[in-house]
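Notes follow the structure.
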Amino acid sequence: MITAHWLPPSTATVQEKARETRMTDQYCVIGNPIAQSKSPLIHSMFARACAQDMAYKRLEAPLDGFNAAVDAFVRSGGKGMNVTAPFKLNACDYATERSSAVKLVGAANALKFEGTQVLAENFDGIGLVRDVTHNLKTALAGKRVLMLGAGGAARGALLPMLEQGPKEVVVANRTVQKAYDLASIGAPYGRVRSCAYAELEGVTFDVVFNATSSSLKAELPPVPVSVFENCVLAYDMTYGKGLTPFLKTAQAAGAVQLADGVGMLCEQAAHAFAWWRGVRPDTTEVIKALTVPLV
Ligand code: ATR
Numbered sequence: 471m472i473t474a475h476w477l478p479p480s481t482a483t484v485q486e487k488a489r490e491t492r493m494t495d496q497y498c499v500i501g502n503p504i505a506q507s508k509s510p511l512i513h514s515m516f517a518r519a520c521a522q523d524m525a526y527k528r529l530e531a532p533l534d535g536f537n538a539a540v541d542a543f544v545r546s547g548g549k550g551m552n553v554t555a556p557f558k559l560n561a562c563d564y565a566t567e568r569s570s571a572v573k574l575v576g577a578a579n580a581l582k583f584e585g586t587q588v589l590a591e592n593f594d595g596i597g598l599v600r601d602v603t604h605n606l607k608t609a610l611a612g613k614r615v616l617m618l619g620a621g622g623a624a625r626g627a628l629l630p631m632l633e634q635g636p637k638e639v640v641v642a643n644r645t646v647q648k649a650y651d652l653a654s655i656g657a658p659y660g661r662v663r664s665c666a667y668a669e670l671e672g673v674t675f676d677v678v679f680n681a682t683s684s685s686l687k688a689e690l691p692p693v694p695v696s697v698f699e700n701c702v703l704a705y706d707m708t709y710g711k712g713l714t715p716f717l718k719t720a721q722a723a724g725a726v727q728l729a730d731g732v733g734m735l736c737e738q739a740a741h742a743f744a745w746w747r748g749v750r751p752d753t754t755e756v757i758k759a760l761t762v763p764l765v
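If you count by the numbering used here, then the sequence shown holds residues 471 to 765, one letter each, in order.
Written as C-alpha cells, this is what we have:
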C-alpha cells in the first residue's frame, strides 16, 4: 500500500519551495521624482562586490501616496528602502521604531522591514562625516566649521558633525530664524551658534560646508569670500554638478581642497547596505565611478 508520505510532491509545490528558498531580496529607493537617483547603481555595485543576492529598483510614489506605495512594496516582499525627497518626513512618520538620529532630525533616509516592525534610520550626517574624515582625511575635531543652510540637509549633518568635537560650528542661513532654531537643537551637543550671512564678513573658517540647495539652481549663497581665506576644505553637499558657484568661489578665494557630495552619497548608502545586509561594502570603486570632475 502506498501511503501519503511516499507520494512525490506536486510540481507546483516543488517550484513554490524553490522560489521561497531562492527568492532574491527586494530593495528600492523611493522619491518623486526618482529617475535621477544613483542609488540603484550604487547598491548593485555593492551587492556584486559583497556577493549579496538582492535586487534594487527605483520607486516613484505619488506626492500624496507615500504610505500606500510603501505598503504595496512591503506586501510584495520588500526588505528595505532608501528614502529621498520629498518623503523623508513621511518615512519618519511611517516607522514603528526610530533611531536617535531620526528622532533628532525628524526625518529618515532608510527603512528596514522586519515582520511587523518598520525601523527608520538617517545616515546622511554620518555619511558626510565619514567622507570628510576618512576619504578626504580632514579631521573636524578642534576646527572652526561654517555650515551654510538650515534646511533638511543641514539638519541631518549638524549632530554627527558636533560629535566630532569641532571648536565651533556656525550655522548661517538666509532665513535667520531657521538657523537659530537649528543651532538650538544642536546646542546640547557642542559649541554651535547661528548668524546671518552679512555677519560673516571678515570671519575665517577651517572647513566650510554648503548645505543649501543653491547649487541645484547654479546659484551662490550670499557668503562673503573672506570665510574661505584659511579654509582647508570647501564641501558642497550637492553632487554631480562639477565646479558649482560655491566651489568656484571657494577655489578663487584660496580654499585648499574642494569636494562635492558624491562621497557623502556613497557613504550613507554603505551604511544603509551594512544595516540591511550585515556586511559593510568598500566605497572606493563606487565613488570613482560616480565622480564628476570639479572643473
Ligand atoms: P534640503 O532638504 O535640500 O536642505 P530645504 O529643506 O528646502 O532643502 O532647505 C533648503 C536650504 O537651502 C535652506 O536653508 C534655504 O535657505 P532659506 O531657509 O533661507 O530658504 C537654502 N537655499 C536655497 N537656495 C538658496 C540660495 N540661492 N542662497 C542661499 N540659500 C539658499
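Cβ coordinates follow ideal geometry from the N, Cα and C atoms, glycine included.
F679 and A519 have their C-alpha atoms spaced approximately 31 Å apart.
By the neighbour-count criterion, in which a residue is buried when 16 or more other Cβ atoms sit within 10 angstroms of its Cβ, V695 is exposed. With respect to the C-alpha of S507, the residue from Q727, A542, A739, G597 having the closest C-alpha is A739.
The C-alpha of D730 is placed about 16 Å away from the C-alpha of G619. A distance below 6 Å between beta-carbons, with the five flanking residues on each side excluded, links L589 to the following residues of its chain, in chain order: E567, K582. For the 8 Å CB-CB criterion, L686 and T719 do not form a contact.
Under the DSSP assignment, M515 falls in the alpha helix (DSSP H) whose first and last residues are 509-519. Less than 8 Å separates the beta-carbon of N502 from that of A531. Collapsing the DSSP output to three states places I504 in coil. For the pair T682 and A688, the Cα-to-Cα distance works out to about 11 Å. In the DSSP assignment, A561 falls outside any beta strand (DSSP E) and lies within the alpha helix (DSSP H) extending over 558-564. The three-state reading of DSSP puts Q647 in helix, counting H, G and I together. Ranked by Cα distance from T494, the options Y526, L511, H513 are led by Y526.
When C-beta atoms of the region 624-639 are compared with those of the region 592-600, three or more pairs fall below 8 Å, so the two segments count as touching. L764 carries a coil assignment under DSSP once its states are collapsed to helix, strand and coil. In this structure, V697 sits near L670, with a CB-CB distance shorter than 8 Å.
Contact check for D594 against G626 passes: the beta carbons are separated by less than 8 Å. The alpha-carbon of T554 is positioned some 34 Å away from that of G724.
Cβ atoms of I500 and F557 come within 8 Å of each other, at about 6 Å.
No heavy atom of ligand 1 is found nearer than 7 Å to the CB of G501. Rounded to the nearest whole angstrom, the CA to CA distance from A565 to Q587 is 8 Å.
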